[in-house]
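Q: One structure, pasted below without further comment.
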Amino acid sequence: MDENNTQIMISTYKYKNLYFAVGVSKAGKIVWIALPQENEKDAIADILKLYHPDQNIQFEVSNKYTDIAKKVCRVYNGEDVKFHLDSLDLNVDKSKRSSIKTQFERDVLLEVAKIPYGEVRTYKQIAEELGTKGYRAVGTAVGKNPFPIVIPCHRVVKSDLRIGEYRGGSEMKNEILKNEGIKINGDKITKK
39 MDENNTQIMI STYKYKNLYF AVGVSKAGKI VWIALPQENE KDAIADILKL YHPDQNIQFE
99 VSNKYTDIAK KVCRVYNGED VKFHLDSLDL NVDKSKRSSI KTQFERDVLL EVAKIPYGEV
159 RTYKQIAEEL GTKGYRAVGT AVGKNPFPIV IPCHRVVKSD LRIGEYRGGS EMKNEILKNE
219 GIKINGDKIT KK
């Protein structure tokens with residue numbers, strides 16, 4: 039393989055009508071998690087499109103990491119499954135080869151990872167924990183999360199407790215939160 043190209047292995051897992059996919063580096067670190075898609079091709083395309091879209095990515099589809107995709111599915115469906123952060127590629131690198139470009143993005147993701155199952159935090163609360171008033175910058179960093187579901191960006195909501203935006207759409211965010219036992223009325227958390 040050409041050294042200028044990123045090399046990843048993609049594994050998928052099908053549950054009911056949804057495909058879950060993970061991208062894993064040669065070093066065995068998770069570099070991207072696709073949100074569930076209705077077909078396998080779209081799940082794989084989600085990784086290729088969002089993980090360094092301006093690069094030529096050489097990839098192989100394999101069942102080697104299907105167990106990881108299955109764990110992501112279990113979290114999506116409401117199980118309190120633990121992931122070790124050391125399984126994620128959390129390296130900060132401004133080059134095109136990294137999913138996390140700044141230390142601030144990494145800090146935000148690590149803070150979001152602390153949100154317990156079945157609870158939510160606001161963007162403002164995350165900002166305050168990091169000692170900044172930049173809750174909009176926190177929102178931007180959360181929106182770039184390469185590890186959705188595992189680093190639970192779905193648990194971050196607006197200050198007025200509306201569920202807010204999500205890469206997979208507000209319906210998906212609503213569903214994941216409800217699967218975790220969060221009470222929602224319309225688009226707003228009713229019990230925090």
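Plus 38 on top of the position in the sequence shown (first one is 1) and you've got the numbering used here.
We put the beta carbon where it would ideally sit given N, CA and C, even for glycine.
On a predicted model such as this, the values are computed, not experimentally measured, just so you know.
(1) So, for residue 40: in the same chain, excluding its five sequence neighbours on each side, which residues have a beta-carbon less than 6 angstroms away from its beta-carbon?
(2) Which two residues bound the contiguous alpha helix (DSSP H) that contains residue 65?
(3) Please name the residue, chosen from 55, 69, 204, 145, that lies closest to residue 47 on a Cα-to-Cα basis.
(4) Mapping DSSP to helix, strand and coil, what is residue 138?
(5) Distance check for residue 129 and residue 211, CA to CA, integer angstroms please.
(6) With 16 as the cutoff for other CB atoms within 10 Å, does residue 55 come out buried or exposed?
(7) Can you grab the Cα-Cα spacing for the pair residue 131 / residue 167, in whole Å?
(8) In this structure, how does DSSP classify residue 208 when only helix, strand and coil are distinguished?
(9) Is residue 171 near residue 197, with beta carbons less than 8 angstroms apart?
(10) Taking 8 angstroms as the CB-CB cut-off, is residue 184 touching chain B?
(11) Three Cβ pairs or more, each shorter than 8 angstroms: is that satisfied between the segment 112-119 and the segment 208-225?
(12) Suppose you measure from the CA of residue 183 to the CA of residue 62; what does that come to, to the nearest Å?
(13) Reducing DSSP to helix, strand and coil, say where residue 126 ends up.
A: So, to answer that:
(1) Note on residue 40: pLDDT 45, under 50, position unreliable in the model; the coordinate value appears next. Its chain contains no residue whose beta carbon lies nearer than 6 angstroms to that of residue 40 once the 5 sequence neighbours on both sides are disregarded.
(2) Here residue 65 belongs to no alpha helix (DSSP H), and DSSP marks it neither H nor E.
(3) With respect to the C-alpha of residue 47, the residue from 55, 69, 204, 145 having the closest C-alpha is 69.
(4) The DSSP-derived three-state label of residue 138 is strand.
(5) If you take the alpha carbons of residue 211 and residue 129, they lie about 27 angstroms apart.
(6) When all chains shown are included, residue 55 counts as exposed.
(7) Roughly 24 angstroms between the two C-alpha positions.
(8) Of the three classes helix, strand and coil, the one that applies to residue 208 here is helix, per DSSP.
(9) Not closer than 8 angstroms, so no.
(10) The structure shown has no chain B; it contains just one protein chain.
(11) In short, these stretches touch, since the Cβ pair count reaches three.
(12) Computed Cα separation, rounded: 15 angstroms.
(13) Reduced to three states, the DSSP call for residue 126 is strand.
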